[in-house]
Structure formats: C-alpha cells, structure tokens
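Read through the structure below, which is laid out as structure tokens, and then see the notes.
This is the structure:
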C-alpha cells in the first residue's frame, strides 16, 4: 500500500535514499538542532503574523510524523512553538494545509534527494496570484546516513521570508 508520497511518486520513490524513505513510513519522531533565519523587516512581520519560528541559529526542533496511504500529519516543535501541517491528495498533487495556508506541490526524486516542487498557494481558500504567492524550495536528503533537510521561502518584493534546515536524528517510536 505504501504512503501518500510513494503513491504520488510511483517508481521514483524507490530511488530515494533509505533514510528518506524510512522517515516517510508509519509513525516517526525526528529531532535535532537546526538553523532558522528570517529575512528583513517585512519578512519578520510576515513570519510573526503566521506564527513562524523566530530567528535562531541554535533552534531545537522535534517533528512527530504520521504517514499513511492517504495523508501525512507533521507536528513540528520549534523551541516550544508548535506548527501543524496536514498533507493530503488533491488530484495529482499533494496539498499541505498549515493554518489558513494551503500549498500545492508535487514530490520528485533527484539523485536520491526528495524535492518538493511547489505550484500554487491559497489563503483563506482563495488562490494567490503568482506575484503574491511565496516561492518555496524544500528538500530532504541524506549525508553519511543522517537525515537532513532545508526549506527556504521567499516572496516578490520581500526576498527571503524564512529559511531553516539542518540535520536530525530519527528516533524509534
């Protein structure tokens, strides 16, 4: 049966690194100390409004991951700040619901790395014009058997809104 990501990716899912495939199966907890960076003043306002984590080059992150064949639930704890994301299928795309934001993307494998190709964003259910829609670059990869990830969000006329990433330990559950 697999998980929702493997269903979307088909045979290319099997080319992901074993660490990445393992993180995306069943229930997992991953923990680590990561780097969180915010952009300038306008980016700081946007991050505060959406309750994104504060800039911190030594941020503790714990993610509880629940993967099934038709959905994913991620509960992220950035130094006590909780962000929940629910992922589900929307046609041939994956959709991430995070509060009032709904982001549509498709997962792709690139040399064993899981990359998320974001296509569009809705806010309050209303599609954002491309010029106002955030550009999101996200990837998960393995370095010497260790799970790593990076996320960067930028917007027109704002530049970098937030970027975070680092290496994490996969804990047994």
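In our numbering, the protein residues as written are 420 to 592.
C-beta atoms are modelled at their ideal positions from N, C-alpha and C, and glycine is treated no differently.
These numbers come from a predicted model, not from an experiment.
Ignore the nearest five residues each way along the sequence and tell me which others in residue i's own chain have a CB closer than 6 Å to its CB.
i           : result
residue 568 : 559 and 584
residue 472 : 455, 497 and 500
residue 547 : 540
residue 534 : 527 and 558
Tell me whether residue i sits in a helix, a strand or coil according to DSSP, three-state version.
i           : result
residue 427 : helix
residue 463 : helix
residue 494 : strand
residue 577 : coil
residue 584 : strand
Does the beta carbon of residue i sit closer than 8 Å to a beta carbon anywhere in chain D?
i           : result
residue 480 : The structure shown has no chain D; it contains just one protein chain.
Under the DSSP definition of a beta bridge, which residues are partnered with residue i?
i           : result
residue 590 : 448
residue 516 : 505 and 521
residue 529 : 532
residue 566 : 561 and 587
residue 454 : 584
residue 541 : 521 and 546
Where does the unbroken beta strand (DSSP E) through residue i begin, and where does it stop?
i           : result
residue 555 : 554–562
residue 470 : First-last for residue 470: undefined, no H or E at that position.
residue 481 : 475–486
What residue does the alpha helix (DSSP H) around residue i start on, and which one ends it?
i           : result
residue 440 : 437–442
Note down, in chain order, each residue of its chain lying with its Cβ closer than 8 Å to the Cβ of residue i, except the 5 sequence neighbours on either side.
i           : result
residue 444 : 422 and 486
residue 544 : 521
residue 531 : 434, 435, 436, 439, 560 and 561
Who are the Cβ neighbours of residue i in its own chain at under 7 Å, not counting the five residues just before and after it?
i           : result
residue 474 : 455, 456 and 457
Margin query: Three or more C-beta pairs under 8 Å: does that hold for the segment 460–474 against the segment 425–432?
Written below: No: the two stretches stay apart, fewer than three of their Cβ pairs being nearer than 8 Å.
Notebook entry, point to check: Would you call the segment 548–557 and the segment 569–578 in contact, with 3 or more CB pairs under 8 Å?
Noted result: yes
Note to self: With three or more C-beta pairs closer than 8 Å as the rule, is the segment 452–461 touching the segment 575–589?
What the structure shows: yes
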